[in-house]
Structures are given as structure tokens and as C-alpha cells.
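Asks:
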């Protein structure tokens, strides 16, 4: 009885969803993304949740079209086999982007709405900064979108705001602590840190943890020696070593470098500082890599914010703020459920920078989605930038953190980008495309396929089969399309298929969906590229040579000394997160195709200990975008009668 | 038929709610606020919404215990008579606060859960900064609370985050515009502002509005003269006049004064700037005073951020950002529905500063609540600080904006504060109370009642009946309580009653509820204190003399010149929002009781044109709090197993 009941339950879980898909009636020419999004009425999100097997108490609805999903589901479905795990990556892109998000969305629309296979797309949440600065949606586009796209692109459920709040509380705690230590005696500091409340002095639990770390095995505040009091009360942060920056989710270039603490109340303790865009916060990377509330709390506590005057790392935990950060992030950790234009499920969760961080959506969204789709289902997740960066980090950082094994890589290419790699004129945002890109040019395509071949080879380093998805534009000719598919297969791709999701929705990606399903049946022989036990320098060199095709690397003295310091501090066995341009396989954005014989210069090395990686800087990385002279907010408006957003993309 | 149908409908709307109240079982001694909050399971917010007559499509649920209410309800119920409108204000408080929020919550618990009268509490949303800095809840306390209190005190539904995002987008737009104007020719600026897209140049609607404002009646970008191009393209902002500051919802004292723009990419255009706490943003004041989406958009566009080089005001509209700000604020404008410990409805919406802004919750929450309770119901709303500030602004600013007429003022007093006004020793946060406050002392109480009498008289200036609510502490003696009530009535209060909501919930405020109901039956003869057409100086003088009891005012030269400028710019007929300490009726915090014969110094005058008031500064006002040496985040933690917040108050 029990075992047959269990089997029944398992079958229920494996069952194909009875999903009510939303019908599309694609128009030609294709209207704007916002018009397409608005023309479709999404299902109520609680209806969608029920369709995909979520229990009523496993979701927290936010308005009509968004819901957070509770992590308790992972416990309920822990015996359920995972679905197939598909990564969407891309070739080296033009500055216009090659449509990885639309391919991701088109693929799940095809799988679920057209092939009746359970599937989930897992996407990154975009930063609001660029949304109001330079046009560029992240919800997909055309007839392959997440809807409502304005909800996706604006506050969503407040996760980035929570990150901002947590990040800045920690920043304020650092400077204020330095000020208080500089202006108070040991005794005064101690009396304030461990105050007399109703005649009693008690350590808080976070303070007891600090005592333990310091090797002081005492619990009665009155028994500490003067030396112990000083050790306990002083973090002795060296201001020049502070790496923790404040953040805002706004493109505010005037905050790239500034001097803070200039009010007389700060008594002269001013210092140079900067704001980064919120998604560059290490807390975003933590959110993306954590797999539970307990793990997130530990990671937040481990984040290193500076060194003390003896060169020892100072952490969030040392500042006593771990609990508060966790409280601020307690809802952000739950993935956000939305839907595609065809009514299939999507998770939107986390959106770390793809250079100073790993640029992948969250481990938790992928894990939950893999349970929900069931063994025969598919989870399609996306990596930022080209495969040399996003995919490499997906494998070496994200899969290492999650323990998940990918089944297929979908590599997105466009004729436009291939022509650029073949020697076409430069492609610049805001400038009309040259005729090479709007007319057939077989030679440029043929020459540019070298980049596609190289990216296929990179995926193969990890033992995972590759399906090339050619994201077709209306100016692409049949001969160009056929050539790309032919060359891709010759380079070792399992398959290569043209996709038309942008103009017709999931129906246009059915061939891709079929190819992915077949590739997943092949089985992958996934392996990491490097062993974590290797020295930091060796890990960097491995990536540079095997992935980028560099001859070697060259470390600046600064980079070398940071590597020495991190190794000495015990952080040498973390994976590597390269901060490199995405516009070339090399460090030089204008070197297209497959650059050779270059030496990759490492100018500096930094560490995100809570997120769990070391990030070498290849050149300078801007972590705070600016607004252009005519920001796109000039076009954005709200119709106050209909409450409809206008001009967003 | 039709008319009887209408009557039936009206009766339905007037009907007493069939509200399932939550039972309380008060413990003694009273546990911590968080423990009390946690011991009660709130109703699902959609159940509560249905109970109070909201239609399913009028709410947007955010999780289990919070919902946003749509403004469309105001249209549906526009023929419904408003309920009674009750303001809770206080005497001049000690730094510990005298419990206005608990009285507000206790009063609605009494009205609805114990007298079966429809009622709504309208509260301000607290800033997260102090929540993690210095202890002090805003959800009420003891057995008169809004639950879940951690939801109330943390992100809520993201309104303050939306304000932060909107505020900082505008700030970034200002500095970036100055940089772009400084580094580009008229022609280059124009070509970027009105770019050629697919061979066509077009003005956006926001740019057409700007042309109209400049008196340029053209719509074809190619027809502007060189002079017109320059006028259109250059705002010519004078950096030293910028009054728009960046904000964060964090207590970050190092941002009180700083130099921004020091990166080489900003080409030397650095300037001094500051961050304020987010709730000090003018956008918060706009949110609190607006009565519709259309009105909010107009107010946001009107906000003056600086002067140009000719001394003319530069607005958000001039920067082209009105639409984007409105889009960012489109959900924040909807009031947030929560509930009290006894399951009665509460709106939490807006929380502007009570000194540089008007310190009252939102007009929209009050308006919607007045419709929902029906003609026989009560809406209890709260004003920050003492009655001399919060109540005066409620009447002269908020009621003027809303057109609503208050029926009753509840004036909250405590024996503790009265003793302080009677000459008791000073009361300081974090320092144990002196024995004068914990033992009976009739003389101090009798002497201190002068402050209560004065605050009663202030309310009477506006023609509204006053009920004094004595918020009883366990150390108050019967004789002290009786004396306060006796003296209050003698000073003209309609009634004066002791309240015990903190220790027993609504049951402890039933006498107050009865008194309020009776007072509301008296009818109020509400009048404003001053005519808007009076010169700014006269309006300030009227408040200083009639409300604070000052002999006269004294303007600094700076204040005088600002008044002249605002008058000249056409802002002379706005109401006045005094930025004065709440710790004394005068400008000196240590002058307790009823100070006399003082001259009120006005050091500076500023303007919030979008919110719609002029704010004179009486002394310096800190708009960015700091963290103490031991911030309360030391006690805050999350139990990662149960997901429960610990140590929050």
C-alpha cells in the first residue's frame, strides 16, 4: 500500500503539467516589445503555480503576475529526480547583444507550449540603472518574452533593493566603527559595546562568536582582562584596505570616486570611496550562489571587507552585522516566478555582474526548477556574456557551488556577430548598421565562424554536448543560415538549427527544442577545467590558455602581491572569476574572431570570499555606468488614466 | 426600483463589517513586542480585504499579510459618505516618545474589536535606517501593534525603496546633465538630445512640453534657430544652487557631506554634496500629499532641484525625468493594507520627516479608509512629533491638500512627560529613569500639565474637539492619573481618559473609544490657522506666535533673501512647514513646559515645490542619522531553521 502510494505520488510529480498555454497571434511587422507584452494577458500567477505542482503554501504572491517560491519545496521534493539541465551561452557578441535571453525564452516556449514537455526558464533580474539609461531589455524580446515586461524590468519583488539595503548597512557599519574606535578609549568602547542593561552586562550571541574566534573562552563580560577587552573591542580596520563599497541601483557616474566623511561631525576622518551599481555588490553574487538560508547566512558573515592593521581579514561577522544582513535578505532568497508570453513558467532570480562576478542566475532557482519539471523535463538557464566568460564561470563556479551537472549547452550565434568576427566593419550601439550586415555576404560569415568553432571547442573542454542556435534576423539569407549550421556541425556541435522565436514565438524554436531534447539523451561527461587545489596563478593560467587561447599570462606586481596575500590568508583554493571584456576572446575588445599569441595581463586581483571566488582584473572594469546625454527616460512615461507604462524599450 | 437598489447598495456600504476579530490573551508581565506579534497568527490579508468590502480586483496581495489597495476604489465609492476623521497627536514628548502609535492602534482595536464599530488606523511607514541603528519600533507596541511587526518594520512592499530609486535617478540626471552641457557644444548637445533615428528627428512629448514652456511654438526639430537650440538644449544649472540630494534608507553619517565627481571620467567637475535618509526625500512628501496618479505626476514634475544661472528654478520636468519618476512610483502610490493584533484593518503608507517635511501618513490612505469604514465608521490617523508641529502641519498642510475635515483630535499624554514639563530631571534614551519618574509625584504632574493645556489650546485654535488619552504606565499612581484627567478637562478637553491598550489590547482603550465617538458627535468647526495669500513672513509669524507662543520671529539675512526669491518665483502662496525641534514648544530642546517671551530664530528657508510647502529652518536639522557604537543590529538575527526574525525590538 505504502509503496504503491509512493509510486503514485512519484508519478504525479513526474507527470506532464496540464498547463493552459496562452495562444500567440504574431503580427508582421513585429510590434515593439512593450506592445507585444501588453497585448497578452498573463495568467494569474497562483494559477500558474498550481499548474506546475506548487502547493498553495509554497508561494507568496506579489500582485497578480509575480510570486516568490519558498525553499521548503526543496525538502518536499528531495527524492524527486532532477530534470535535464540546459545552459544557454553565446559566441563573442557585438555590443548589441546576440539574443541569449530571447533564445532562452523561445526555447522553453517551444518545449512546453509546442512539444508538451515540462520546462522552466531561469533568468537574471536586470539592474534598473541601465533600464533608465541606455535602451536594452532583459526580458527577452519580440514574441519570446517574459511578461509583464515592465514588472520584470522595474522593481520586481524588491530583491535588488534588499541587496542595496544590506550592502549599505554593512558599509555604514565599517566607517562608523572606525570613527568610534578612533575617538574612544578601549574602556569606553567596551562599555558601549557590552552595555549595562537593568544592572546586567551580557554578550550578544554574535559577540560570543567573536570572542571564540579570538580564542577568548569567557562568557562573563566582567572577567575580560584589559588586553582581552582591547582585542575584543577594536577591529583596527586599516581604512586604505577597505574593499567594501556602497551601492545604488542607479547609473550615477558622479559617485565613481568621491571623498566621504567631510561633515564636522565626522571629525576629520574623511576618506576616498566609491559607489558601485547594486548588482555589482558581493551580496548579489552570494544570493546567486547560495543553496539555503543557512548557507547564505554563513556566506554573508564570511564576506571580507578590509584588512586590519596587521593584515588580517576583517569580515561582516566581525562587525556584528551577519544577522541583520540575513534578515534583510530573507525574502530575496526566494526565487521569483513569472511566465513567458505563452504562459510557461520562468524564474527570475539574482543578476550578478558578469565581469567582477560570475554573471549567472541563481543556483536556488535552477534547483527548484529542476525538481518542478520532473525527470523528463528541462530547465534552461542563461549565462551572461560570451561562452568564454559566462559559460566558463557557469561550469567552474556555479556548478561547483550547486553540485548540478549540465546536460546540454545551447550556443547562440547570429549572422551579424559572425560577420563582425569575419572582418566586417565595427558595430556600435546607436549607429546604423553598415550594409555588410544588411546584405548577404557569405565570405564574411565563413571567415567569422572561427569564433563559433572556438566557443564550441570551449564547451567541449567541459564534456558537454553543444547545440548551436542561430538566432535569425530578417536580413539573413538562406545561404548564410545554411553555411553557419554546416560549419557548426563540422566543428563538433551535436546539432545547429536556425531559430525564429523573435518573430513567431515558441513555434519558431521547435527545431531547436527537438535538437536539445536529443542532445540531452546523449548523456554528458561533465568535468571541471581545473582542480581547486592548484595555486591561484595556475588556475588563472589554465583559463587564459585553454579557454581564451592566450600564450601566457602576465601579472602586475600588485596582482602578484594580492595573490600572495590571499594564499597566505587561506583563500588560495577558491575558484577563479575572470573580470575580462566580453567583446573579444582576448583582453582587447577590438580583437575579433579568434585572437592568438597574446599575453593576458592581470592588473589586479580581488576576492569575494563570501561569494566564494577570487577575481583577477584583466584591464579596468567600470562598476558604475553613466547616463548618456539623452537617457531613455526621455521616452518613458505613465498614462495616468490607464496606468500603463509607455516607452520602456 | 433603481432608487431602492441604490439604497440597498448604500446600506451595504454603510453596513458594519462582519469582521472576524483575533482573540487576545494578554500575559503579565507583558512580553517583548516581537514575542507578542509572533504569538498571534494574522488573518490572510485577502480575507481581511473581503471583510472590509474590498473587491478582489481592488487588491494586490504581497505575501500572506500585506496587500496594496488600488486607487480605483475611490471612483467606485465616490458617492459614499466619509466616516469620522480622527487625528492622534501628542503633547511635547520626552526623547523616549509617548506612545502615539500604540494609542492609535489601541483605539482602533477598541472601536472595532470591542465596540463593533468600523474603524481603520492609518500609520506611517518607518525608515529602515533607525530600525538597524537605535531601537524604536513604529508598529505600536505591547498588545496594540500592527502585525507581523517585522514585515511592518522591514521592506514592507518596497515603497521607500521606490522613493530611493526615483530620488537618485533625478540626482544622477542633474549632475550628468551639467557635465554634458559643460563638455559639448550647443549643436552636439542638440543632436544627441534630438537624435536622428532611421533618418528622422523627432521631439519626445516631454521635449515638446519644454519647448512650450520656453515659448517656442515649433514641433519640427529642423526649424529651430541657433538661439532656440541653445535655449532648448541648455538648462544652465548653477551647481552651487542644487538643493536636490541623493538618499539612502541607511543611517550612514559618513555621507552627510562629501565631494563627488572625483573620477577622471568626470573631468574635474567635482562638487560638494550629501546624502539624506530616504524618508527625507521630497518624493516622500509628494507621496504623502498626493491624491491621484495624475496629481502625483504633476507634483513630481514641479519639484525644483536648483536654479539656473539666471536665478530661475530648474525642475524635474526640465530634466525630462517626470515620466520615469512616475513609473518608478506607480505602485508606491497604492496604500498598504495590514492588520492589528486583533485583526482590524490598518493602512501603512508614506512616512515623511516631521521636521523638514510634514510628518503625516498619506492623504490617499486616509481617503480610501474614510470610504471603506462608511459614514458611521472611524479613521484614526497619526501626526508625528508634538501637536505644535505634527498637528499644526496636519491641519494647515495635509487637510489643505486633501480637503478633508477632521472631527476629533486625540491628544496623547503620559505622566512621565508631564513630570518632565513640571521640572523633573532630564530624560535621556539609554539612561535609566530617575526616581521622580518611577514614584508618585503629584506636584511635578500638576506643574507639568501646563504643556498639556497649551497643546489643547492649540487644537482649539483649529475648532476641533480634543479628547486627551493618558497612556498609562505601570508606575503611574491613581492620584496622578485622576489629576491629569481633571486638569485636561478643566483646560477645555471634551474628555480625558486613561488608556491601558499596551498591557491588555483594545479592551484597555474602550473608554477612549467611547469618548472619541461622543466627541465626533459634537461636530467640529474646523478652520485653518492662516490664509495662504498672506506673505511668507506673516504665515511664519502666525505659527510662531499662535502655536509656539513666541513673542516674535527673527529672520537671518539668508532666510530673508530666500523668502524674497521664493516670493518672486511665484511660490509665496504655499503653506509653511516649520522645521523645528519636537522636544520643546520653542526652538530650544531643553526649554520644557510652556516657554514664553522667546524670539524664534529662522536661520534659513527652503522649498519643496512639488510637495507644496515652504520650510523655514529653526536651527539646524540633521537629515542623516548615524549608527551608535553598538547598533541594535548586534541583537538582530534570523533563525535559519524556522525563518523567524530575532531581536527586532
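Protein chains in written order, with my numbering: chain A, 352 to 1000; chain B, 352 to 1000.
The beta-carbon is built from N, C-alpha and C at its ideal position, and this holds for glycine as well.
1. Quick check: the Cα distance between residue 425 of chain A and residue 719 of chain A, rounded to an integer number of angstroms?
2. Please confirm whether residue 742 of chain B and residue 943 of chain B have their CB atoms less than 8 Å apart.
3. What does the Cβ neighbour count give for residue 452 of chain B, buried or exposed, with the cut at 16 atoms within 10 Å?
4. Starting from residue 602 of chain B, find everything on chain A with Cβ-Cβ shorter than 7 Å and list it in chain order.
5. With DSSP as the reference, label residue 908 of chain A as helix, strand or coil.
6. What does residue 609 of chain A touch in chain B if you count any residue whose Cβ is under 9 Å from its own?
7. Find the residues of chain B that neighbour residue 984 of chain A, judging by a C-beta separation of less than 8 Å, and give them in chain order.
8. Please state the DSSP three-state secondary structure of residue 573 of chain A.
9. Quick one: list the residues of chain B neighbouring residue 411 of chain A, beta-carbon separation under 9 Å, in chain order.
10. Starting from residue 977 of chain B, find everything on chain A with Cβ-Cβ shorter than 7 Å and list it in chain order.
11. When we look at the beta-carbon of residue 416 of chain B and count the other beta-carbons within 10 Å, is it buried (16 or more) or exposed?
12. Take residue 1021 of chain B and list the residues in its own chain whose beta-carbon comes closer than 8 Å to its own, dropping the five residues that flank it on each side.
13. Within 10 Å of its beta-carbon, does residue 383 of chain B have 16 or more other beta-carbons around it, so buried, or fewer, so exposed?
14. Residue 928 of chain A: which of A/596, A/745, A/669 and A/489 sits nearest, CA to CA?
15. Check the Cβ-Cβ distances between residue 988 of chain A and every residue of chain B, and say whether any is below 8 Å.
16. Applying a beta-carbon distance threshold of less than 7 Å, which residues of chain B neighbour residue 483 of chain A?
17. What residues of chain B sit near residue 543 of chain A, judged by a beta carbon separation below 8 Å?
18. If we count the other Cβ atoms within 10 Å of its Cβ and call it buried at 16 or more, is residue 467 of chain B buried or exposed?
19. How close, in whole Å, do the beta carbons of residue 871 of chain A and residue 759 of chain A come, if the pair is a contact with beta carbons under 8 Å?
20. Anything in the region 780 to 795 of chain B with a Cβ closer than 9 Å to a Cβ of chain A? List those residues in chain order, please.
21. Please confirm whether residue 594 of chain A and residue 656 of chain A have their CB atoms less than 8 Å apart.
22. So is residue 401 of chain A in contact with chain B if we call contact Cβ pairs under 8 Å?
23. Is residue 667 of chain A close to chain B? Criterion is C-beta to C-beta, closer than 8 Å.
24. Count the other CB atoms within 10 Å of the CB of residue 706 of chain A; is the residue buried (16 or more) or exposed (fewer)?
25. Contact check, residue 819 of chain B vs residue 897 of chain B under 8 Å by CB: the rounded distance?
26. On the CB-based measure, 16 or more other CB atoms within 10 Å of its CB, does residue 496 of chain A come out buried or exposed?
27. Distance cutoff 8 Å, beta carbons only. Does residue 590 of chain B sit that close to anything in chain A?
28. Just the chain A side, please: which residues come within less than 7 Å of residue 645 of chain B by C-beta, in chain order?
29. Please confirm if residue 546 of chain A has its CB atom under 8 Å from at least one CB of chain B.
30. Are the C-beta of residue 582 of chain B and some C-beta of chain A separated by less than 8 Å?
31. Hey, residue 857 of chain B and residue 457 of chain B are a contact pair by Cβ (cut 8 Å); roughly how many whole angstroms apart?
32. Given this structure, state the Cα-to-Cα distance separating residue 683 of chain A from residue 737 of chain B, to the nearest angstrom.
33. Let me confirm a value: residue 615 of chain B is counted as buried when at least 16 other C-beta atoms fall within 10 Å, else exposed. Which label applies?
34. Taking one C-beta from the region 680 to 694 of chain A and one from the region 706 to 717 of chain A each time, how about it: are there three or more such pairs within less than 8 Å?
35. Can you tell me whether residue 524 of chain A is helix, strand or coil according to DSSP?
36. Tell me the residue span of the alpha helix (DSSP H) that contains residue 793 of chain A.
Replies: According to the data block:
1. For the purposes of this step, residue 425 of chain A is taken as residue 74 along the first chain, with counting starting at 1. For the purposes of this step, residue 719 of chain A is taken as residue 368 along the first chain, with counting starting at 1. Answer to the nearest angstrom: the Cα atoms are 6 Å apart.
2. Within the second chain, the letter at position 391 stands for residue 742 of chain B. Within the second chain, the letter at position 592 stands for residue 943 of chain B. For residue 742 of chain B and residue 943 of chain B, no; Cβs fall outside 8 Å.
3. Start at 1 with the first residue of the second chain, and residue 452 of chain B comes out as number 101. Counting Cβ neighbours within 10 Å, residue 452 of chain B comes out buried, since at least 16 surround it.
4. Numbered from its first residue, the second chain carries residue 602 of chain B at position 251. Those within 7 Å of residue 602 of chain B in chain A are 523.
5. Locating residue 908 of chain A in the first chain gives position 557, counting from the first residue. Residue 908 of chain A falls in the helix class under three-state DSSP.
6. The residue labelled residue 609 of chain A in the question sits at position 258 within the first chain. Within 9 Å Cβ-Cβ: 609, 610, 611, 612, 613, 614, 621 and 624.
7. Here residue 984 of chain A refers to the residue found at position 633 when the first chain is read from its first residue. Those within 8 Å of residue 984 of chain A in chain B are 520, 524, 671, 672, 674 and 675.
8. In the first chain, residue 573 of chain A corresponds to position 222, counting from 1. The answer is helix: DSSP assigns residue 573 of chain A an H, G or I state.
9. Counting from one through the first chain, the residue named residue 411 of chain A turns up at place 60. Here the neighbours are 412, 413, 414 and 415.
10. On the second chain, position 626 is the one that residue 977 of chain B refers to. Near residue 977 of chain B (Cβ distances below 7 Å), the residues of chain A are 527.
11. Counted from its first residue, the second chain places residue 416 of chain B at position 65. Buried, since its Cβ has 16 or more Cβ neighbours within 10 Å.
12. The structure shown does not extend to residue 1021 of chain B, since chain B spans only 352 to 1000, so no value can be given for it.
13. Counted from its first residue, the second chain places residue 383 of chain B at position 32. Label assigned to residue 383 of chain B: exposed.
14. Position 577 of the first chain, counting from 1, holds the residue named residue 928 of chain A. If we check each option's Cα against that of residue 928 of chain A, A/745 comes out closest.
15. Here the question's residue 988 of chain A lines up with position 637 in the first chain. Yes, residue 988 of chain A counts as interfacial toward chain B.
16. Counted from its first residue, the first chain places residue 483 of chain A at position 132. The answer, in chain order, is 520 and 675.
17. Residue numbering aside, residue 543 of chain A sits at position 192 when the first chain is read from its first letter. Going along chain B in sequence order, the residues near residue 543 of chain A (Cβ under 8 Å) are 979, 980 and 981.
18. Here residue 467 of chain B refers to the residue found at position 116 of the second chain. So residue 467 of chain B counts as exposed.
19. Working through the first chain from its first residue, we reach residue 871 of chain A at position 520. Working through the first chain from its first residue, we reach residue 759 of chain A at position 408. That pair is a contact at about 5 Å.
20. 781 and 783
21. Position 243 of the first chain holds residue 594 of chain A. Position 305 of the first chain holds residue 656 of chain A. Contact flag set, yes.
22. Counted from its first residue, the first chain places residue 401 of chain A at position 50. It does not; no Cβ of chain B falls within 8 Å.
23. Mapped onto the first chain, residue 667 of chain A falls at position 316. By this cut-off, residue 667 of chain A is not an interface position.
24. Residue 706 of chain A sits at position 355 when you count from the first residue of the first chain. So residue 706 of chain A counts as buried.
25. Residue 819 of chain B sits at position 468 when you count from the first residue of the second chain. Residue 897 of chain B sits at position 546 when you count from the first residue of the second chain. That pair is no contact at about 21 Å.
26. In the first chain, residue 496 of chain A corresponds to position 145, counting from 1. Residue 496 of chain A is buried by the Cβ-count criterion.
27. Stepping through the second chain from its first residue, residue 590 of chain B is reached at position 239. Chain A, which has no Cβ nearer than 8 Å to the Cβ of residue 590 of chain B, makes this no.
28. In the second chain, counting from the first residue as 1, residue 645 of chain B sits at position 294. Neighbours of residue 645 of chain B on chain A, chain order: 991.
29. Counting from 1 along the first chain, the entry for residue 546 of chain A is found at position 195. It does: the Cβ of residue 546 of chain A has a partner Cβ on chain B nearer than 8 Å.
30. The residue labelled residue 582 of chain B in the question sits at position 231 within the second chain. No, residue 582 of chain B lies away from the interface with chain A (no Cβ there is under 8 Å from its Cβ).
31. Taking the second chain and counting its residues from 1, the one referred to as residue 857 of chain B is at position 506. Taking the second chain and counting its residues from 1, the one referred to as residue 457 of chain B is at position 106. Confirmed, about 6 Å.
32. Sequence index remark: in the first chain, residue 683 of chain A carries index 332 (1-based). Sequence index remark: in the second chain, residue 737 of chain B carries index 386 (1-based). C-alpha separation (whole angstroms): 38 Å.
33. Here the question's residue 615 of chain B lines up with position 264 in the second chain. By the 10 Å Cβ count, residue 615 of chain B comes out exposed.
34. yes
35. Position 173 of the first chain, counting from 1, holds the residue named residue 524 of chain A. DSSP places residue 524 of chain A in helix when its eight states are reduced to three.
36. In the first chain, the residue the question calls residue 793 of chain A occupies position 442. 793 to 812 is the span of the alpha helix (DSSP H), which, as asked, contains residue 793 of chain A.
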